[in-house]
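I have placed the structure first, in the form of structure tokens, so that the comments after it can refer back to it.
Protein chains: 2
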Amino acid sequence: MTQRQRRVRDRTERGQRIVSAARELAEAEGWDAVTTRRLAALIEYSQPVLYSHFPGGKDAIMAAAALEGFAELASALAAARDGGVAGVARAYVEFADAKPALYDAMFTLASELPFAQDDTPAVMQEAYGGLVAVIEPVAGTQDAGVLTEVFWSALHGLITLDRGHRLSPAHRAERLALVVARFGARAE
Amino acid sequence: MTQRQRRVRDRTERGQRIVSAARELAEAEGWDAVTTRRLAALIEYSQPVLYSHFPGGKDAIMAAAALEGFAELASALAAARDGGVAGVARAYVEFADAKPALYDAMFTLASELPFAQDDTPAVMQEAYGGLVAVIEPVAGTQDAGVLTEVFWSALHGLITLDRGHRLSPAHRAERLALVVARFGARAE
DNA sequence: TCCAGTTTTCTAGCACCGCTAGGATTGCTA
DNA sequence: TAGCAATCCTAGCGGTGCTAGAAAACTGGA
């Protein structure tokens, strides 16, 4: 029965190759360039094979990539936890900066990922927890959940507007410092 | 020569109808539903007519719609100027709430619109000016430009994350109030 | 009024997209 | 080795943005 095991392993490996190919292609040429035909060519199989792995089609592949992103973001934030609000904020921005297409898949596209619900995947809650962890100590009398949401929104807004060249490139560092100053200080 | 004038007027009117049809369709069914074929059917002309008005194709039509949006946003912010930071913040969110597709065209899609550059259209600078106007008085020693950019980013982040159901619906008002509290108060 | 000439508009088509039905091929089992 | 089951691919559907070239409409002069 080891042959069966090998076949199962091959299948999961191929599924992983699909997601990896999608991520690389998206990072190199944007998600518009990630077509099922090009993905099929990259993994050297025909198009329908993609649908045997991801019945949801392209959206499901993007969602799978996004899930990987949440896991990576969660560990990046956890590693920066000692740095407090400033450290986590920097880690968050650096993540979005290093993997812009992945960040888009996680937060801008792929709107069918269940956020803030019962069936929200653990890695997503974990990533969000990385923000809560550093905000909670400085929340004071304020609701930590609301404060975290706003802190997160500020970071997300900075990233998305900056990417679209909506903000002056010269003030990048200043902006981040300002967000940290307004949210990292203990409120009265 | 009045005939020539009439023809010019008809042409501009038809161009306006294209943008209006695109906006209505986008607001009703999303920008994905705005196809050149459906637009052509709505204005009761054939597809290539669209390209005689907007050589850039669909992107140019979206950009034209976005420009209208900036004009409307600018006047909405100007009208709320007396309300200070809180009033302008509320007006901004209400605008994004009332015309979500238009807001997307302005800030999420249509990335070829020239932001923060020399050839930035006046209406875009005007809309941004509506934010600066209320932030400047409370900037204190802080750089008003940077503070405005961060204030704007926070609002934008709130809106986009909220739209994707990334934030808990119950705390909408609280979040906005918190942004205003952190950015509307005069800094030391 | 009729006829060039110009402008405007439409028909038809290209290459591509996501996705899928049904047949061919492969590998496993007995 | 024969039959079965799982796997995979070919071919195609309806749709997309966009465009070349034919057709139609409008123009101004005889």
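So the sequences go chain by chain: A and B.
Residue 366 is where the first sequence starts when you use this note's numbering, and the numbers rise one by one after that.
Residue 366 is where the second sequence starts when you use this note's numbering, and the numbers rise one by one after that.
C-beta atoms are modelled at their ideal positions from N, C-alpha and C, and glycine is treated no differently.
Beta-carbon within less than 6 Å of residue i's beta-carbon, same chain only, minus the 5 sequence neighbours each way: which residues are those?
i, result
"residue 349/A", "No answer is possible for residue 349/A: it lies beyond the span of chain A, which begins at 366 and ends at 553."
"residue 460/B", "438, 441"
"residue 366/A", "Bear in mind that the predicted position of residue 366/A carries a pLDDT of just 49, short of 50, making it unreliable; the figure below should be weighed with that in mind. There are no such residues."
"residue 380/A", "418"
"residue 516/A", "500, 548"
"residue 559/A", "Because chain A is modelled from 366 through 553, residue 559/A falls outside the range shown and cannot be assessed."
"residue 462/B", "none"
"residue 550/B", "none"
Can you tell which of the options has the C-alpha that lies nearest to the C-alpha of residue i?
i, options, result
"residue 425/A", "512/A, 372/A, 401/A", "401/A"
"residue 453/B", "520/B, 489/B, 471/B", "520/B"
"residue 376/B", "416/B, 440/B, 549/B", "416/B"
"residue 418/B", "544/B, 438/B, 383/B", "383/B"
"residue 493/B", "451/A, 385/A, 467/A, 531/A", "531/A"
"residue 509/A", "539/B, 437/B, 495/B, 438/B", "539/B"
"residue 499/B", "455/B, 468/B, 535/B", "455/B"
"residue 446/B", "496/B, 411/B, 464/B, 524/B", "496/B"
"residue 386/A", "423/A, 373/A, 488/A", "423/A"
"residue 543/B", "535/A, 523/A, 504/A", "504/A"
"residue 464/A", "512/A, 518/A, 525/A, 537/A", "525/A"
"residue 522/A", "468/A, 411/A, 449/A, 475/A", "468/A"
"residue 514/A", "537/B, 411/B, 420/B", "537/B"
"residue 575/A", "411/B, 409/B, 529/B, 541/B", "Residue 575/A lies beyond the residue range present for chain A, which begins at 366 and ends at 553; the question has no answer from this structure."
"residue 541/A", "518/B, 409/B, 488/B", "518/B"
"residue 511/B", "372/A, 550/A, 535/A, 378/A", "535/A"
"residue 533/B", "533/A, 485/A, 414/A", "485/A"
"residue 502/B", "448/B, 413/B, 409/B", "448/B"
What residue does the alpha helix (DSSP H) around residue i start on, and which one ends it?
i, result
"residue 413/A", "412–418"
Specify the secondary structure class of residue i as computed by DSSP and reduced to three states.
i, result
"residue 531/B", "coil"
"residue 491/A", "helix"
"residue 399/B", "coil"
"residue 464/B", "coil"
"residue 432/A", "helix"
"residue 394/A", "helix"
"residue 486/B", "coil"
"residue 502/B", "helix"
"residue 549/B", "helix"
"residue 389/B", "helix"
"residue 437/A", "helix"
"residue 381/A", "helix"
"residue 513/A", "helix"
"residue 525/B", "helix"
"residue 469/B", "helix"
"residue 375/A", "helix"
"residue 474/B", "coil"
"residue 508/A", "coil"
"residue 409/A", "coil"
"residue 454/B", "helix"
"residue 445/B", "coil"
"residue 366/A", "Because the pLDDT at residue 366/A is just 49, under 50, the model does not fix this residue reliably, and the point stays unresolved."
Please return the same chain residues whose Cβ sits closer than 8 Å to the Cβ of residue i, not counting the five positions on each side in sequence.
i, result
"residue 390/A", "398, 399, 403, 404, 407"
"residue 466/A", "388, 391, 392, 395, 396"
"residue 545/A", "450, 451, 454"
"residue 421/A", "428"
"residue 374/B", "none"
"residue 488/A", "432, 435, 436, 439"
"residue 444/B", "456"
"residue 378/B", "none"
Which same chain residues, not among the five before or five after residue i, have their C-beta less than 7 Å away from its C-beta?
i, result
"residue 471/B", "431, 434, 435"
"residue 478/B", "428, 431"
"residue 457/B", "442, 520"
"residue 344/B", "Residue 344/B lies beyond the stretch modelled for chain B, which goes from 366 to 553, so this question has no answer here."
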